[in-house]
Structure formats: structure tokens, C-alpha cells
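Using full-length UniProt numbering, the first residue of the sequence shown is number 1, and each one after it goes up by one.
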Amino acid sequence: MQHYLETIDREFCEKTHFEGWFNDPLVNHPTIKFAKVESKNDYFNLCDQFLAYRENFARVLKSAGIDCLICPVSAFTAPPLDQPPLLHCWGWNYCALYNFLDYPAGVVPMNLVNEGDEAELAQFGRGDGVTGYRNDDRKAEDQVLVDAVVKLSAGCRGLPVGVQVAGLRFRDEICLRIMNELESSAKFDRFSLIDKRLKK
């Protein structure tokens, strides 16, 4: 990577060529802007850090003998589209990591939200839902989001609850096998939701 950066620095890059590429819609992404990427060197350094992170992540999983991870899809039900973007960001936090790592991942419905789930969520909203913060300002901001999630998730009984399965790169078949095993064991009737809608 370092050799490549030095080569680029030595080359004469026409302004219309390189900067045009850097402003391409696929490259000029909010995530890159969030990472404060302002030059080609910043971009390639970020790529270098990403590759190192992905390699370390895979090494830790392999050393622990982990082939696949079974984890939540989201902490709450999907919010309506007219809600603040930050609320939507909270929803994809659980999926973003595996997308970032380029890992095969999928979601399997396992059950439906029940009365007990709703009661637990309501209790979470009334209690100290957000704990462990050293910064009171950050805690207050997140508490606002927690309150919004509790309010928006009220009345979600009957919606599907799924789990996410994520596997190592290029091992898609293991991920699919585990998803199939989970789906078979849960015996979730995916068409029951459609039937209920049609009967209304």
C-alpha cells in the first residue's frame, strides 16, 4: 500500500481526472465524509486501516473456533420512514459491521413479538434504560432515543422477530446451512402473516 501511495504522489494527476474520480457518487459517500477523508492519501490510509481491521477480526474468530455468529438483527422494530435519521441508524447498527467486513449474513424469522416482549420494553423505558455512561450529555441524548424507540415500538405485537447469522468471508455455504437449520427448528410460518392481512 505504501509503495502504491508513493507512486501516486510521484505521478502527475490531472485535476479533472483524479478529483473527478474522488467526487464520483459511489466514492463521495457520507461514510467517507464522516471519516474526514479529504485527499487521496487519506482515502488509501483508510483502506489500509480497513484491511488490517478485517484481517484482525477474522483472526480472532478463527482462533476462537467460531464459524458463524448468531446475533440480533436490531434492537427494536423498524421505525416509520418519517422518523429522525438517527433513529434509523440505531436500527442498522447490528447489521452494519458484517456489511462493512464483507461477510455473508442473513436473517431468519424465529418468532413473533408477544405480550411479554411489549411489557419488557415498556419497563425498560420507565427504568434506567441507558446506563454506564461517563458523559451525562451523551446519556441524555441516548435516553431521548430510547424513549422514542419505546414509544414507536408500542403495539408491535405480532410482528416477526428474527436472528441474524453472519459467517466468515467466502464461507457462504456455512452461513446458509446454519440459517437453514434455524429456520427448520423454528418452524416459523412466514405465510401466516400474509393470511392474517388477507382476512382483514
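Note that CB positions come from ideal geometry on N, CA and C, so glycine has one too.
Just so you know, these numbers come straight off a predicted model, no measurement behind them.
Secondary structure of Ile66 (DSSP, three-state): coil.
When the five nearest sequence neighbours on each side are left out, the beta carbons in the same chain lying within less than 8 Å of the beta carbon of Ala105 are those of Cys95, Tyr98, Asn99, Gln164, Val165, Ala166, Gly167 and Cys175, in order along the chain. The stretch 180–190 makes contact with the stretch 107–118: 3 or more CB pairs, one atom from each, lie closer than 8 Å. Counting along the chain, Ala166 sits inside the beta strand (DSSP E) bounded by residues Pro160 to Gly167. In this structure, Ser74 sits away from Glu118, with a CB-CB distance that is not shorter than 9 Å. Using a Cβ distance threshold of 9 Å, Val161 and Leu112 count as a contacting pair.
Within the DSSP secondary-structure output, Val107 pairs in a beta bridge with Gln164. Here the C-alpha atom of Arg54 lies approximately 33 Å from the C-alpha atom of Pro80. Annotation for Ser185: the continuous alpha helix (DSSP H) segment containing it runs Asp172 to Ala186. Counting only the Cα atoms, Ile66 lies some 31 Å from Glu120. Secondary structure of Leu81 (DSSP, three-state): coil. With respect to the C-alpha of Cys156, the residue from Phe76, Gln123 and Gln83 having the closest C-alpha is Phe76. Only residues of its own chain outside the window of five on either side were considered, and among them Leu101 have a CB closer than 8 Å to the CB of Phe57, listed in chain order.
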